[in-house]
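Student: Residue numbers (my numbering): 58 to 141. Think of the CB as a built atom: it goes at the ideal place given N, C-alpha and C, for glycine as much as any other residue. Please read all numbers here as calculations on a predicted model, not as lab measurements. Starting off with a structure, shown below.
Below, the structure is given as structure tokens:
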């Protein structure tokens, strides 16, 4: 299992459709990918979960991945959420 804590950037400035792009990024990987903030934890491959999750700029979240490509998955989600 790989876990990384980040602070979200302003996704709307760099992405036209941040929710669907985030889910698309997560779906490229075999690993299970979760986003966690406080007591809330969602599947990053679920558009409904991502839409309900707090992705406001400045929010601190954990990216958690478990599976054969977990390192690459965490790096890709981190890069997306930090607008790199």
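(1) Rounded to whole angstroms, how far is the Cβ of residue 64 from the Cβ of residue 115, which I believe are closer than 8 Å?
(2) By DSSP's criteria, residue 117 is part of a beta bridge. Which residues make up the other side?
(3) In three-state DSSP terms, what is residue 102?
(4) Quick one, which of 113, 123, 86, 93 has its alpha-carbon nearest residue 143's?
(5) Just to confirm the assignment, what range does the beta strand (DSSP E) spanning residue 89 have?
(6) On a Cα-Cα basis, can you pick out the residue from 140, 117, 137, 75 that is closest to residue 97?
(7) CB residue 121 to CB residue 102, shorter than 8 Å?
Tutor: Concretely, from the data shown:
(1) 6 Å
(2) 64
(3) coil
(4) As shown, the chain starts at 58 and ends at 141. That puts residue 143 outside it, with no answer to give.
(5) 89 to 94
(6) 117
(7) no
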